[in-house]
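Under my numbering, the first residue of the first sequence is numbered -1, with each subsequent residue one higher.
Ideal Cβ placement from N, Cα and C applies to all residues, glycine included.
Scroll down for the structure; my scribbles are underneath it.
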Amino acid sequence: MPRSDHAPVILWFRKDLRLTDNAGLVCAAESGRPVIPVYILEPTESGNGPLGAAQAWWLHHSLEALDASLRHIGSRLILRRGPADAVLGALVGETDADRVFWNRRYDPNGIAVDVALKEELTLSGLTVRSFAGQLLHEPTRLKTGSGGPYRVYTPFWRALEASGEPPEPVPAPSRLEAPAQWPQSEALEDWGLRPTAPNWAAEFADVWTPGEAGAEAKLAAFIERGIVGYKSRRDFPALPHTSSLSPHLALGEISPASVWHATRGLGDRVEAEDVIHFRKELAWRDFSYHLLFHFPQLASKNWNERFDAFPWEDAPDLLKRWQRGQTGYPIVDAGMRQLWRHGVMHNRVRMIVASFLIKDLMIDWRLGERWFRDTLVDADPASNAASWQWVAGSGADAAPFFRIFNPISQGEKFDVNGEYIRRFVPELKDMPNSFIHKPFEAPLLVLKEAGVSLGRTYPLPIVDHGKARNVAMAAYQALPRPDET
DNA sequence: TTTTGAGTTGTTCGA
DNA sequence: GTCGAACAACTCAAA
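Here you go:
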């Protein structure tokens, strides 16, 4: 038998750290050849884009989990650092592999690297194959009637719904053939992905189990309990009715198609409306990638250029107070502290804190985007940028400028009993419900009984929301009209 | 080509 | 306390 029939396949893992519903992996397994799974830690300027500190923690544990899963099917994960072309070139030389498989990624950096790499490897005689699986549908699949990309979510959703279900997930292979000799792997510990001193990620492990099994457990729990009443209850940050799948999806520990199909056939137990609203959230993720694909500067430039003239404040002290959860507005502080402690923030609270940074503090949304990217375990280049622009009003299909969240009424509406506040802002835990969202309006006696001393145990508000709102409205109204630019 | 209906997530004010 | 209107105009998507 000619030697090339047994030349190994290199399977390059990227944002698809899973065995189930992994098209590239299945194809490699079915080739009947030895498979060499590899993960490459690429420099930030190439490949995956900047890796935030919180997500780096996650990645460490996810790679550990992936290696363990691979060992169960007779394989293992090879770890290498460096630019993808150099690393793959070296691996090909060391292993005599003649084909490289991967699943496609859709962020602009990743696309650029992959396109160049595919050409380079193909020219040097290798077979390169890439597969879909990071999104429900690839970002070029849905087009408007005139052939362009969608800019409004609702028509995008209708088109997605009308275009049929995403492909059925494919099962994990039961066995991978090992190469005669494993190439060298770097040690995960040497990558320094976890924080050392101070260990700000100490509580992450209480909340999260990175890896495919953790993702499946979260999904099962959500299908069992969370999805019931999802449409209305998902807005309440103290309730466990969001799926918490975003960090798992961000690194591809579970595929969006698997999640989509898991919400089928739930019968009478779950209202159809709840399923639809959950799927619409999955579709938002696709819509964000659709936007990013067609507007690669989504994270750095206003999608709507009119906003280039917005008079952002240069206020590093206020930015720091926001980052630390010391604004004096309890719902904002609770959200920012949840983010710091758990690497995540409830979706509704994200809107509130984002609105506060942009509209109350008039700080550039890009600074908020950057902070989220560094602190969220679910940091995603498309969702993060698209959502910040949505709140700023500069994005596609964005919030109108007059939609300015009131941090007091949002708190009163969605955290009625202050449960979420008490969890993350313990210095307010004894405040009565009537003032927990606005301690600055509480009579002295109430404060005293709750053990709160404003400006000492809990900050005074750093801005007056009412005044700040008027200033922001005026700034938005003063933006040049499109025909004046 | 032109027209038309519609557009994630809110707040405030006045009747 | 409740309710509807105003808060702006713009641009998209499809007929």
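Member of the options whose CA lies at the smallest distance from the CA of residue i
| i | options | result |
| --- | --- | --- |
| lysine 278 | Ile356, Leu158, Arg348 | Leu158 |
| glutamine 53 | Arg335, Ser381, Thr240, Leu191 | Leu191 |
| leucine 64 | Pro106, Thr138, Asp83, His246 | His246 |
| leucine 289 | Glu136, Val423, Ser242 | Glu136 |
| proline 193 | Ala130, Gly453, Ala255, Trp55 | Trp55 |
| tryptophan 310 | Tyr287, Ser451, Ile350, Arg364 | Arg364 |
| arginine 319 | Gln295, Pro424, Arg335, Pro153 | Arg335 |
| aspartate 362 | Leu317, His58, Val342, Trp282 | Leu317 |
| alanine 473 | Val330, Arg368, Phe305, Arg31 | Phe305 |
| lysine 13 | His275, Leu39, Glu28 | Leu39 |
| tyrosine 228 | His275, Pro196, Val205 | His275 |
| aspartate 428 | His435, Glu447, Val257, Leu442 | Glu447 |
| asparagine 431 | Ala219, Gly416, Trp206, Arg401 | Gly416 |
| serine 298 | Ser242, Ala219, Ala384, Arg232 | Ala384 |
| aspartate 204 | His340, Pro254, Gln132 | His340 |
| phenylalanine 433 | Phe422, Arg454, Thr455, Gly409 | Gly409 |
| proline 177 | Trp369, Leu75, Asp284, Arg467 | Leu75 |
Beta-carbon proximity check, residue i vs residue j, cutoff 8 Å
| i | j | result |
| --- | --- | --- |
| histidine 459 | threonine 325 | Note on residue identity: the sequence assigns proline, not histidine, to residue 459. Cβ distance < 8 Å, so proline 459 and threonine 325 count as in contact. |
| leucine 359 | alanine 313 | yes |
| valine 33 | leucine 174 | yes |
| tryptophan 386 | glycine 366 | yes |
| valine 126 | leucine 119 | yes |
| tyrosine 151 | aspartate 395 | yes |
| threonine 93 | proline 167 | no |
| leucine 61 | glycine 250 | no |
| serine 128 | arginine 102 | yes |
| tryptophan 100 | tryptophan 155 | no |
| alanine 248 | alanine 130 | no |
| isoleucine 499 | alanine 114 | Beyond the ends of the chain as shown, which are -1 and 483, falls residue 499; an answer cannot be given. |
| valine 98 | proline 235 | no |
| serine 353 | valine 389 | yes |
| glutamate 163 | tryptophan 282 | no |
| isoleucine 419 | isoleucine 329 | yes |
| aspartate 525 | phenylalanine 412 | Nothing can be reported for residue 525: it is not among the residues displayed for the chain, which extend from -1 to 483. |
| valine 226 | aspartate 272 | yes |
Which residues DSSP lists as bridging residue i, in chain order
| i | result |
| --- | --- |
| tryptophan 100 | Trp10, Ser128 |
| isoleucine 38 | Arg78 |
| tyrosine 418 | Per DSSP, none; premise fails for tyrosine 418. |
| valine 33 | Val7 |
| leucine 452 | Tyr456 |
Cβ shell of residue i (< 6 Å), same chain only, five flanking positions each side left out
| i | result |
| --- | --- |
| valine 90 | none |
| threonine 18 | Ala170 |
| alanine 377 | Gly50, Gln53, Arg371 |
Residues near residue i in its chain [Cβ-Cβ closer than 8 Å; skip 5 each side]
| i | result |
| --- | --- |
| proline 238 | Arg223, Gly224 |
| histidine 463 | Tyr327, Asp358, Asn404, Pro405, Ile406 |
| arginine 139 | Ser161 |
| glycine 30 | Glu175 |
Beta-carbon proximity list for residue i, same chain, < 7 Å, skipping 5 on both sides
| i | result |
| --- | --- |
| alanine 260 | Leu217, Ile221 |
| leucine 452 | Pro437, Phe438, Leu445, Leu458 |
| alanine 307 | Leu477, Pro478 |
| phenylalanine 293 | Trp301 |
| glutamine 132 | Lys13, Asp14, Asn101, Arg102, Arg103, Tyr104, Gly250 |
Could you name each continuous alpha helix (DSSP H) segment of 4 residues or more that falls completely within the region 120 to 205, going from the start of the chain to the end?
Listed in chain order, the complete alpha helix (DSSP H) runs (minimum 4 residues) inside the region 120 to 205 are 151 to 160, 202 to 205.
Can you check the region 367 to 401 for any alpha helix (DSSP H) of at least 4 residues that lies completely inside it and give the ranges in chain order?
Within the region 367 to 401, the complete alpha helix (DSSP H) runs of at least 4 residues are 379 to 390.
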